[in-house]
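If you count the sequence shown from 1, position 45 lands on 72 in the working numbering, and the numbers rise without skipping.
The beta carbon of each residue, even a glycine, is placed where N, CA and C say it ideally should be.
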Amino acid sequence: MVNFKEFESELELEDEQDQESGIWLSISDLMSGLLLFFALLFITTQVQLQRKIEELTQYEEALKNLPLIVMTAIEDGLGGDAVEVDPETGDVSLDDQILFEENESELRAEGKEFLDKFIPIYSEVIFSQAEFEEQIARVVIEGHTSSAGDEAYNRALSLQRALSVANYIFSDELKFPNADKFEQKILISGRGEMDANPEIDDPTDRKVTFRFQMRRENFLDE
28 MVNFKEFESE
38 LELEDEQDQE
48 SGIWLSISDL
58 MSGLLLFFAL
68 LFITTQVQLQ
78 RKIEELTQYE
88 EALKNLPLIV
98 MTAIEDGLGG
108 DAVEVDPETG
118 DVSLDDQILF
128 EENESELRAE
138 GKEFLDKFIP
148 IYSEVIFSQA
158 EFEEQIARVV
168 IEGHTSSAGD
178 EAYNRALSLQ
188 RALSVANYIF
198 SDELKFPNAD
208 KFEQKILISG
218 RGEMDANPEI
228 DDPTDRKVTF
238 RFQMRRENFL
248 DE
């Protein structure tokens, strides 16, 4: 006589084993899927990181060459004695005698003629490469004086001179490509005798300087 209870018990045991096997298969599939997901995520992250590193390297290389490019452009366009270019920063300093009479803030006719030649060359460098245009946040036009005379007067004179230069650059008298974009980058500063030699009245301290102000971005966070 067949023992149905034993038969039912065997069927129930097989069902439980099948269910457990199915559960473990599901867990295994889930783990495999998660492993594949994280592997793809890791690969994608590595590719993005490598791309950012390459972009950063390109930007650094371009900006490292910026002072030399500025210097070369000015020497080719104006001659080497017209202005002084800092080989480390690209700062361009114009002797005040090129632009102004002594203790005056109104541009000389010769000063305007000089700016007519200088500004198109200078601005062309800034917009010649996307890296330059993006990373040069501001161009600061700074007026400087020597240490001779009253400090407050020197500060006011330096600011008025920087403002006179900026006003002429963006007047109807001077036309050059990218003038609107160049104007958006301009800041005016009157530093007076802050950077001058305090011991002597040094003529080289009297100048107008065009200085780059660079962005401070962390490319790897983008």
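In the three-state scheme derived from DSSP, where H, G and I count as helix and E and B as strand, Met221 is classed as coil. Rounded to whole angstroms, Glu160 and Leu63 show a C-alpha spacing of 42 Å. Runs of the alpha helix (DSSP H) spanning 4 or more residues and lying entirely within the stretch 174-221 occur at 178-196, 206-211, in chain order.
Every alpha helix (DSSP H) of 4 residues or more that sits fully in the stretch 78-159 is shown, in chain order, as 93-105, 123-126, 136-153. In the pairwise beta carbon analysis, the stretch 127-144 is classified as touching the stretch 178-198: at least three pairs are separated by under 8 Å.
Nearest to Thr116 by C-alpha distance, out of Asn205, Arg233, Asp123, Val166, is Val166.
Rounded to the nearest angstrom, the Cβ distance from Ile168 to Ile101 is 16 Å, too far for a contact under 8 Å.
Shortest Cα-Cα distance from Asp228 to any of Phe209, Asp177, Phe141, Asp113 involves Asp177. Judged by their CB atoms, Val192 and Gly170 are nearer to each other than the 9 Å cut-off. Look at Ile227 here: in three-state DSSP terms it is coil, with no helix or strand label. When the Cα atoms are used, Asp118 and Gly217 turn out to be separated by approximately 16 Å.
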